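Participant: In our numbering, the protein residues as written are 2 to 597.
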Ligand code: AGP
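(1) Can you check the segment 203–289 for any alpha helix (DSSP H) of at least 4 residues that lies completely inside it and give the ranges in chain order?
(2) So residue 1 is in the alpha helix (DSSP H); what residue range does that whole segment cover?
(3) Alpha carbon to alpha carbon, what distance is there between residue 76 and residue 525?
(4) Taking the straight line between their C-alpha atoms, what separation do you get for residue 246 and residue 255?
(5) Rounded to whole angstroms, how far is the Cβ of residue 168 from the Cβ of residue 142, which I believe are closer than 8 Å?
(6) For residue 316, which residues from the same chain have a beta carbon less than 6 Å from its beta carbon, with the 5 sequence-adjacent residues on both sides left out?
(7) Would you tell me roughly how many angstroms separate the C-alpha atoms of residue 40 and residue 130, rounded to the nearest one?
(8) Can you give the Cα-Cα distance for residue 375 and residue 388, rounded to whole angstroms?
(9) Return the chain-ordered ranges of every beta strand (DSSP E) run that is complete within the segment 129–204 and spans a minimum of 3 residues.
(10) Using the beta-carbon count (16 or more within 10 Å), is residue 150 buried or exposed?
(11) Determine the direct distance from the alpha carbon of residue 353 to that of residue 497, and round the result to whole angstroms.
(12) Could you compute how far the alpha carbon of residue 553 sits from the alpha carbon of residue 403?
(13) Jot down the residue ranges of each uninterrupted alpha helix (DSSP H) in the segment 518–566, minimum 4 residues, whole runs only, in chain order.
(14) What distance in whole Å lies between the Cβ atoms of residue 192 and residue 237, which are believed to be in contact at a cut-off of 8 Å?
(15) Taking residue 106 as the reference, give the member of 127, 90, 92 with the closest Cα.
(16) Going by DSSP in three states, residue 292 sits in which element: helix, strand or coil?
(17) Closest to residue 72 by CA distance: which of 3, 386, 241 is it?
(18) Are there three or more Cβ pairs, one per stretch, closer than 8 Å when the segment 59–74 is compared with the segment 9–25?
(19) Pull up the DSSP beta-bridge partners for residue 100, would you.
(20) Residue 519: which of 443, 501, 505, 540 sits nearest, CA to CA?
(21) Please determine whether the Cβ atom of residue 346 lies at a distance below 6 Å from any heavy atom of the ligand AGP.
(22) Under 7 Å Cβ to Cβ from residue 493, same chain only, skipping five residues before and after it: list those, please.
(23) Excluding the five sequence neighbours on either side, which residues of its own chain have a C-beta within less than 8 Å of the C-beta of residue 386, listed in chain order?
(24) Out of curiosity, what's the CA-to-CA distance linking residue 347 and residue 536?
(25) Between the alpha carbons of residue 383 and residue 473, how many angstroms are there, rounded?
(26) Which of the three DSSP states is assigned to residue 16 in this structure?
(27) Could you say which of 407, 333, 87 lies nearest to residue 364 if we only look at CA atoms?
(28) So, residue 302 versus residue 264, is the Cβ gap smaller than 7 Å?
(29) Is the beta carbon of residue 298 sitting closer than 7 Å to the one on residue 454?
(30) Hey, how far is the Cα of residue 43 from the Cα of residue 196?
(31) Pull up the CB-CB distance for residue 155 and residue 101, whole angstroms please, since I reckon it's below 8 Å.
(32) Is residue 489 near the ligand AGP, judged by its Cβ being under 6 Å from some heavy atom?
(33) Does the beta carbon of residue 129 come closer than 7 Å to any beta carbon on chain D?
(34) Restricting to runs no shorter than 4 residues, where is the alpha helix (DSSP H) found entirely within the segment 450–508?
(35) With burial defined as no fewer than 16 other Cβ atoms inside 10 Å of the residue's Cβ, what is the status of residue 269: buried or exposed?
(36) Quick one: grab the DSSP three-state call for residue 32.
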């Protein structure tokens, strides 16, 4: 979703802002803009569409002088993607960029802003005018910011320029992510570390309802009531090369092929001094003493949660369910007596998941977050965190985070299991090796994707039990990047209605990795074949039949989703490639979904 960058220092700021925004492109956006201050005032430039339009308009940022500025990529919520609606927005005195949504916009307009001529359709534009209003009534800038925070309801990360305080930038945060980057002789603002990593790897976390006063030498963080907070910066483990795609054509293919390394890294990161896999004992004790595990997540992470349910119930004999966060928050089921919550989120910033976290935290329940981003909101607000150690995932379509999520869930479930079960370290090493073999056969997936999907309007993935969960993920991947309407379906359920959609040439891809359902799924394949479907089977070698086009080496059946998903990631990638889609930044989507 929207991205923010800001810089105050001695260097020409526009190229720094543009570079920062380019690192935020992965979040999804449809317009961009920057505001830069020099001794003559503030220059604002905006462009609709890709960031390259803004690069062109400003001759790579070189046409604008000034060493302090803010920038923004906008993912439209209130109003279409136009230059008027693009950020920065301004009043007479203030210029700012905003991520989030102001919920009481109408009320504030009628209370304070009657007679103001707004030029955009955005909720954001009220904010600089409110600051104008408050400062005109005699408040200084910080008082006006505190006043603003007491009035606006909703989510907001703001980077603010005050024309009357040329040596300062201000930042404000509530619910939307925001970090401050600490440099030598400069400081930065960013909605995530990627925007700043080319300049610094030291960051201050900013919590909800805090504001920050930033000069090129100092960063002062305050509560909403003006109390100075003493907070040390942290060093990010990220480096610039992690954010670049090197020789790969797209981040997605790079991230697919990083999966063996990610699994091996996880084995290493979760090994204790004896080399045995282990997890914080407090987490294990809390899970062992709970009566049900509730997994909360969205999209791909929710699909990993479904596999997690299987792992906890089979290995650890703990009742478990995985829930879609945006449903759970408004339709909370009757909870068991001693629940334990696991939030799964690649970004750690997903607003839907966070809304549930706020709710269950208020009920006093214990929470674990499984995330790829250390220090993210969902990590900070949970009792415990387990990291995915997958490295930055930049393609909007999640791949390596999904497999890492299942691997961490498996590590956790096997640690919680009281009876000695599978040797997780050995089994995960095998998984890494099998994924490596799958990656070496990418040409086969390319051929099959072109053959089955190049001209397809719709497609089905079918499977049973845990294979069905993988089908949900495989279909999501295919639809989000190729725009082919794809559905993941429980193979046995097709005949209860959906089979009516099968016609001559409809691609149906079946996944078979579990012995107990092998023959049942094969019967369902015959049913769709008899109605004209073009079928393709992904199976494991011990269950394969001579017609199966993708046969993957066997791994432990509980870990099969980690490997069976990989061919489907390739299929989605190559289907999107042959259709000429924008693979890393599919239309309408954002990487980090920070609005509910
Ligand atoms: C999947 O490819 C998507 N990017 C999306 O479904 C994603 O998994 C979802 O938005 C949740 O994001 P999170 O893991 O960062 O919470």
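Even for Gly, the Cβ is constructed at its ideal location relative to N, Cα and C. All of these numbers come straight from a predicted model, not from anything done at the bench.
Facilitator: On the basis of the data shown:
(1) 252–258, 260–270
(2) The shown model of the chain, from 2 to 597, leaves out residue 1, and the question about it has no answer.
(3) Cα-Cα distance, rounded: 42 Å.
(4) 7 Å
(5) Contact doesn't hold; Cβ gap of about 12 Å is too wide.
(6) Cβ neighbours of residue 316 beyond the five flanking positions: 414, 415, 418, 422.
(7) Their Cα atoms are separated by approximately 23 Å.
(8) 7 Å
(9) 157–163, 170–175, 180–183, 188–191, all fully within the segment 129–204.
(10) buried
(11) 32 Å
(12) 19 Å
(13) 519–530
(14) Residue 237 to residue 192, Cβ: 14 Å. No contact.
(15) 127
(16) coil
(17) 3
(18) The segment 59–74 makes contact with the segment 9–25: 3 or more CB pairs, one atom from each, lie closer than 8 Å.
(19) 158
(20) 540
(21) yes
(22) 465, 521, 525
(23) 369, 370, 371, 372, 375, 380
(24) 32 Å
(25) 28 Å
(26) helix
(27) Comparing Cα-Cα distances from residue 364 to each of 407, 333, 87, the minimum goes to 333.
(28) no
(29) no
(30) 22 Å
(31) 6 Å
(32) It does not: the Cβ of residue 489 is nowhere closer than 6 Å to a heavy atom of the ligand AGP.
(33) Within the model displayed, chain D is absent; a lone protein chain is all it includes.
(34) Entirely contained in the segment 450–508, the alpha helix (DSSP H) runs reaching 4 residues are, in chain order, 467–483.
(35) exposed
(36) strand
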